[in-house]
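Numbering follows the numbering used here, with no gaps: position 44 of the sequence shown is 113. Just so it is clear, CB atoms sit at the ideal spot from N, CA and C, and this is done for glycine as well. Note that the structure is a prediction, hence the values are computed from the model and not measured. Since the structure comes first, as structure tokens, the remarks are kept for the end.
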Amino acid sequence: RNRLKVQSAVKNARGYLEIMEKEGSFSTFLWGFVGGAPIQNSWRSLAEVPAETKESQAMSKALKKRGFSFVGPTIIYAFMQTNGHLCG
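So, in structure tokens, the structure goes:
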């Protein structure tokens, strides 16, 4: 397997535990970046959909600060879409 991915999984697990210890809930931590409710987008075409947003940039920065890796703003934007943080 790819050594960097394995190391990343270990680092991300440690970051998760840190967030749980300091914030009490990983879910609450994540929802804090969107004010606790999904952001309703109203894109008219696929061309309008950005690759990242200020929210995904902020979440990416916060996760990296806690030791996470492979969590750039574009990946985090896709994560936010699939987990209901963003609608539309």
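Cut-off 7 Å between Cβ atoms - residues of its own chain near residue i, not counting five sequence neighbours on either side
| i | result |
| --- | --- |
| S77 | S138 and F139 |
| R135 | G84, E87 and I88 |
| P107 | G153, H154, L155 and C156 |
Residue from the options with nearest C-alpha to residue i
| i | options | result |
| --- | --- | --- |
| L132 | F95, N71, P107 and V118 | F95 |
| K123 | I145, E90 and V75 | I145 |
Rounded distance between the beta-carbons of residue j and residue i, thought under 8 Å
| i | j | result |
| --- | --- | --- |
| A127 | F148 | The Cβ separation is near 13 Å, so there is no contact. |
Other residues of its chain near residue i: CB distance less than 6 Å, five sequence neighbours each side excluded
| i | result |
| --- | --- |
| R142 | At residue 142 the sequence reads Pro, which differs from the Arg that was named. Cβ neighbours of P142 beyond the five flanking positions: E121, S125, Q126 and S129. |
| E92 | F98 |
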